[in-house]
Every structure is written in structure tokens, then in C-alpha cells.
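Residue numbers (the numbering used here), protein chains in the order written: chain A, 1 to 320; chain B, 1001 to 1320.
Okay, structure first, notes after.
There are 2 protein chains.
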Amino acid sequence: MSNVKPYAVGIDMGGTNTVMGIVDTRGKVVATESVKTKDYPVFQDMIEAIATTLRKLMGNVGGPQVIAGIGIGAPNANYYSGNIEFAPNLPWKGVLPLGEALYDALGIPVAVTNDANAAAIGEMTYGIAKGMRDFIVITLGTGVGSGIVINGELVYGHDGFAGELGHTRVHNGDRMCGCGRKGCLETYCSATGVARTAREFLTARDCDSLLRKLDPDKITSKDVFDAAQQGDELSKEIFEYTGRIMGEAFADFVAFSAPEAIILFGGLAKAGDLLFNPIVEAMEANLLDMWKGKIKVLPSGLASGDAAVLGASALAWKAK
Amino acid sequence: MSNVKPYAVGIDMGGTNTVMGIVDTRGKVVATESVKTKDYPVFQDMIEAIATTLRKLMGNVGGPQVIAGIGIGAPNANYYSGNIEFAPNLPWKGVLPLGEALYDALGIPVAVTNDANAAAIGEMTYGIAKGMRDFIVITLGTGVGSGIVINGELVYGHDGFAGELGHTRVHNGDRMCGCGRKGCLETYCSATGVARTAREFLTARDCDSLLRKLDPDKITSKDVFDAAQQGDELSKEIFEYTGRIMGEAFADFVAFSAPEAIILFGGLAKAGDLLFNPIVEAMEANLLDMWKGKIKVLPSGLASGDAAVLGASALAWKAK
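The following block contains the structure:
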């Protein structure tokens, strides 16, 4: 058993922070540290910063020789190539050899995937999807991402970019999306989409609302949630609207891969019944009869602070 | 090598005919026969008719001992259970133990799947998808079916019913579907959907058209194709309309599984440029930038008479 390495590294690279963690085989984060992504406008400097931080963290548990691998979840990262490709929310432009650069710096096997896929692997390995072979994770953040698992395997597609469900079009949707197209799911159902709906509703109506006390340009999905919790009718309606659009989209996703569950991940997923009730209602109304009452919609089963790091670390065990 | 059985049986069960074929390892149909499905209102009689016909066919090539297995593609058939479940277009109601009944009758391993999945397996084994690990087959017939292959494996989903892409909703679609929902892809893009568009266009406009010579209630997609081939403008427009809706839907399918190709199967797929040009144009206009120019849209690579039997037979080699 001396060959079995008891730890893996998980890295969650985001536009603001890059969080690194050392995780044991049971999914316990035993050490963690982070650096500010934006402090490193030169990509190679970021790699050095990660390597330096990891050397320190690994030193705490017994050095690189006890590390099975490094898994990284990053926006627009490609599993096949190990590259980040044209990520709009990271400081570096073009195609960046993330996996290769980190392997060169540390000599430990590295596996790369996008952040939503890392979340799906995390749910399958340590979270609410343990034991499931067919499910979809939807990440609700600045955008809407997705990680799809079929037959127990993550779906990468022929080019490594599968699972862009945030960029499927919603029924009758016409909002402009950052991708240049119209009506994408993420223009309605991301955290920023919820804030956009709030601004639209506030302009279109003249009803009272707690949200009117806020600067409309600065309203966040959290503000809408807080107001809804206090009984604000307009805010509750914003969640109903968001949930209905999501539920209709979910019915189409079910027609594709017949998942056992659709799992919501990210800040908005904590909105609970406010969001889940309209999602389930709209999904059920739009499912083919044979699926009615059979598809679960669940919140993430991972502790929010560690979720992305855990997901990335789960990928690390298979890194080569 | 005496254990290697050189033949498989493929069965294509449809609402009208049930075609049986004996296929060799290279995908050559060496013997074929069919019975009329509607002649057997009692399910067990149908099983007996298939068994009797197969005994005769198998006798021609060396008897049951040279047959590796039987594969059946049938509407609403479930790979996991081997049952046909609530098929609206077959003479028998409820849940029918197709795989079990045929195994009991013949003692040869049987594998069951739905007709669109059989087509996908056929394309992968003998057709245009040979060597592809990620593709989608769309069957265009009375309805629209689909067989999805990811990582070289057919997608069955958690319950065996995945791949109902004909029942995803098209953008702004509102036609009533036989499934009880509105705006399903198959209400626009099946052969019957094309005929429905023809009737709608003929009613809504007063332009000249070759189609006006026909009884509107009896117009078929073949009539529209023939008229378009003769230069009929309205008929060409019907294909453009159908293709645009299909192309928009395909862009969403690509966002799900990033397939290398989408393959069209069935009579309508023979419409050639009339249908493929507007499909590709609309798909490209709706794809995320990273996929533009990279996803193939292809016609089936299987000879039409044998396609469904070949697809079912391909499943038979793995039957247990």
C-alpha cells in the first residue's frame, strides 16, 4: 500500500480569487489557501504564485510525494487540451496552457476542467449525486454553467466543450446575452439575470416594493432574496418568474438525457422554496407524461465554502 | 474460433410492417422477410409470427446455432426492461415484454431498444458515424425521434427513455403535439409536420402553388418535395421554414453534448439541399462562436431499405 498517495489538490480558479485546497480520500479539506487572481496580470506569474502556495500547503501534509494529483476547475477550461480558451472573466487573453504550465512547475499530474464540470464531479464523488449515474448540475453564478453526467461519466463532447446549457435559448426569450446571441438561459436565470429581471419589473410597474429603496443599477440577486424573505411581493414574483423559465428549460434537458436529478449549485441555489417551488411546478407542467413526478430537483450537497475545491480535487485522483 | 457466431438478427418493428433480417459481421443483409404488424392484434400471436419467420430465415444460413443474438428496434421500447411501453402507434396497449417473449420463443439472446436508438447504433457500426464517439441521429418520420451517442455509448438515461429530442420545444412554437404539449419539434419537423406547414401556408396566403392542385388534407411531405423540385416557390419556402426551425433546435442540442455530427435519418432526410441548406444556415447563426463551422450535419450513411434492420442487428451482437 506504500504507493497509494493519500491526498489530492483541488484548485478553484475564478475571476476574483483562486482557492487551493489539499483534500484527503474521504473528501475532507485538510489545508487551504488562496491568492487574488487579479493580482497576476501575467499568466506565468499566476502559475508561479500557485506553485509557491501549493509547495507550502503540501509541506504541511508530507510534501509532493503524498499528492496523487492536482485538479483545477477554471472558466472556459478544456479537459482534453488542459488549456483555458478565451475566458472573458479572467485577466489573460487567448489560449493558456494551464495544465502543462502547472505540471512543468510542480511535476505532479494535473487534470483541468471547467468550473461547472468540477462541480458535477464533486457532487458525484462527495455530494448529493453519490451513487447516481445520470444527473445534471446547473451552476448559478454570474453566468449559468452546467456539468452533465451520463452513464457515470462526465460529458465532454467531441471537443471538450459540451455542457453549455446556460446558452440554450429559453422559450420566447429575447434578452441580449454576453455571448452575442439572444434569449440564452443565463440572461434570465443567473444571479445577474435575476437582478436584470428586478430592474425590468421595477421599471414596468408602479407597485410598492422594498427594492425601490435601492439603487436599481446596484440591485443583486441577494437583495431580491432578502426582500422576498421579508414578504416583498414583487421580489417573490421575480423568483417565480426565474423559476418558471428554469423549469421549462429543465423539461427540455430531461428529454435529452433523462437524468435522475438536476442539481442546483451556487449562491442562488440557496434561495430554497422561493426558487425550487416554481422550478418544479414549471418542469412538471412541461415534462412528457412518462417523466412526471420522477425527476428530482435538488440543491447541492457540498458545503459551499469547499464545494469548488472539492470538485476539482475529485478530478485530481484520476489525473495522469 | 468455433464459438464465434457469424450472424445476427435485426428486427425493425413498425406500426405497419415488421421487417426481419439476417446480417453478417460486415453488415451485409443476407436474408430478409417481413410480416404485417397490423395482422396481429394479439401480442403473443405477433411473437409467434416473428418466431416462425425467423426459424425459416435462420434455417437458410445454418440454424439458430450460428446466430449471435437478436436485436429489435421498436417504438417506445426500453433498453433496460426489454419492454414496449405504451406505444401509441402499435396495435397492443400497455406494457409488453417484447424481449422476454421472444427469448422464450427462440432461446436466443435478445436486445431491445427504440427505433431511433437502433438507427444510431446502425450509423455507428455500419454507417456514416463509423469512428465517431459523439453524435446525434435525428429520425424524421411520422414523428421526430433521436438516438444520442456520447463517449461512444448510446445515451439511455436513468430510466432507458433518454433522447426524446422530438419533444423539446422550439422557439416560439405553439402547435399542439400528440403528446399533449405545445410547440414540440416534431410538430414542425416530422413528415407530418411538413404537411401541416403546407396546409397552414396554403390557407394563410393566396399565392400560386402546385400544391393547390392537391386535396389539402392528403398533402404529404413527399408532395411538397416533388413540387419544390419542380421549382414551386411555396414548397421551397416550406422546406426553408422547416429547416430553420430544425437548425435553431440543433444549436441547442450542440450546447448540450457538443457532437461531432448531427445525422438525419428517414425519408425527409433525402430532401438534400432543400432541407440541409436552411438547417445549416440557421444552426450556424445560433451556435456559440466556438462551434461555428465545426459541427457536421449529414444524411444517413445506410441504404434506406436495410437501415433499420442493420441498426437493430448491430445491437444484437451485444445481446445477452
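Built from N, CA and C at the ideal position, the CB exists for glycine as well.
Fair warning: this is a prediction, and the values are worked out from it, not measured in the lab.
message: Which same chain residues end up closer than 7 Å to glutamate 1325 of chain B when comparing Cβ atoms and leaving out the 5 residues on each side of it in sequence?
response: As displayed, chain B neither begins before 1001 nor continues past 1320, which places residue 1325 of chain B out of reach and without an answer.
query: In whole angstroms, what is the alpha-carbon distance linking serine 1002 of chain B and asparagine 1286 of chain B?
result: Residue confidence is low: serine 1002 of chain B scores 45 on pLDDT, short of 50, so the model does not pin down where it sits. No coordinate-derived value is stated.
field: Assigned exposure category for aspartate 252 of chain A - 16 Cβ within 10 Å defines buried
entry: buried
- prompt: Quick one: what does DSSP say threonine 1142 of chain B is sitting in, helix, strand or coil?
  reply: coil
query: In angstroms, rounded to a whole number, what distance separates the CA positions of leucine 1102 of chain B and threonine 1113 of chain B?
result: 14 Å
- prompt: Do you know offhand how far proline 88 of chain A's Cα is from tryptophan 291 of chain A's?
  reply: 37 Å
- prompt: For valine 1144 of chain B, is the classification buried or exposed, using 16 other Cβ atoms within 10 angstroms of its Cβ as the cut-off for buried?
  reply: buried
message: I need the straight-line Cα distance from glycine 107 of chain A to tyrosine 1156 of chain B, nearest angstrom please.
response: 40 Å
- request: Would you check if the stretch 1267-1279 of chain B and the stretch 185-194 of chain A touch, i.e. whether three or more CB-CB distances between them fall below 8 Å?
  value: no
query: If we cut at 9 Å on Cβ distances, does proline 1259 of chain B have a partner in chain A?
result: yes
query: DSSP puts threonine 1032 of chain B in a beta bridge; with which residues?
result: B:Gly1021
Cα-Cα separation between aspartate 289 of chain A and glutamate 1085 of chain B, rounded to whole angstroms: 12 Å
task: Examine the Cβ distances between the stretch 217-225 of chain A and the stretch 165-183 of chain A and report whether three or more of them are shorter than 8 Å.
output: no
- prompt: Along the chain, where does the beta strand (DSSP E) that runs through valine 110 of chain A open and close?
  reply: 110-113
field: Beta carbon of proline 259 of chain A nearer than 9 Å to that of valine 95 of chain A
entry: no
query: Based on the DSSP secondary-structure assignment, which residues constitute the bridge partners of alanine 269 of chain A?
result: Alanine 269 of chain A is not bridged to any residue.
query: By DSSP, does tyrosine 241 of chain A sit in helix, in strand, or in coil?
result: helix
- prompt: Between which two residues does the beta strand (DSSP E) containing isoleucine 219 of chain A stretch?
  reply: Neither: isoleucine 219 of chain A is in no beta strand (DSSP E) and is coded neither H nor E.
Neighbouring residues, chain A, relative to alanine 1162 of chain B (Cβ below 9 Å): Asp134, Ile150, Val254, Ala255, Phe256, Ser257, Ala258 and Pro259
- prompt: Residues of chain B with a CB under 8 Å from the CB of threonine 18 of chain A: which are they?
  reply: The premise fails here: threonine 18 of chain A is roughly 24 Å from chain B at the closest Cβ pair, so nothing lies under 8 Å.
- prompt: From which residue to which residue does the beta strand (DSSP E) around lysine 296 of chain A run?
  reply: 296-299
message: On the criterion of 16 or more Cβ atoms from any shown chain inside 10 Å, does tyrosine 1007 of chain B qualify as buried, or is it exposed?
response: buried
field: Beta bridge counterpart(s) of isoleucine 1072 of chain B as assigned by DSSP
entry: B:Ile1011 and B:Val1112
- request: Would you kindly work out how many angstroms separate the C-alpha atoms of glutamate 33 of chain A and methionine 20 of chain A, rounded to a whole number?
  value: 5 Å
Beta-bridge partners of leucine 154 of chain A, as assigned by DSSP: A:Val149
query: Do the stretch 156-165 of chain A and the stretch 226-240 of chain A make contact, defined as three or more Cβ pairs closer than 8 Å?
result: no
query: Does the beta carbon of arginine 1181 of chain B sit closer than 9 Å to a beta carbon anywhere in chain A?
result: yes
task: State the start and end residues of the unbroken alpha helix (DSSP H) segment that holds glutamate 1100 of chain B.
output: 1098-1106
message: Between lysine 130 of chain A and chain B, is the shortest Cβ-Cβ distance under 9 Å, so that the two count as touching?
response: no
- prompt: How long is the line joining the alpha carbons of leucine 268 of chain A and glycine 243 of chain A, rounded to whole angstroms?
  reply: 11 Å
query: Three-state secondary structure (DSSP) at cysteine 1184 of chain B?
result: strand
field: Limits of the alpha helix (DSSP H) - the one that glutamine 65 of chain A falls within
entry: No alpha helix (DSSP H) contains glutamine 65 of chain A, which DSSP labels as neither H nor E.
- request: Buried or exposed for methionine 283 of chain A, please, with buried defined as at least 16 other CB atoms from any protein chain shown within 10 angstroms of its CB.
  value: buried
task: Determine whether the Cβ of glycine 301 of chain A lies closer than 9 Å to any Cβ atom of chain B.
output: no
- request: Check whether the Cβ atoms of lysine 1005 of chain B and glutamine 1065 of chain B sit closer than 9 Å, and answer yes or no.
  value: yes
- prompt: Whose C-alpha, out of A:Leu57, A:Thr187, A:Leu202 and A:Val30, is nearest the C-alpha of threonine 142 of chain A?
  reply: A:Thr187
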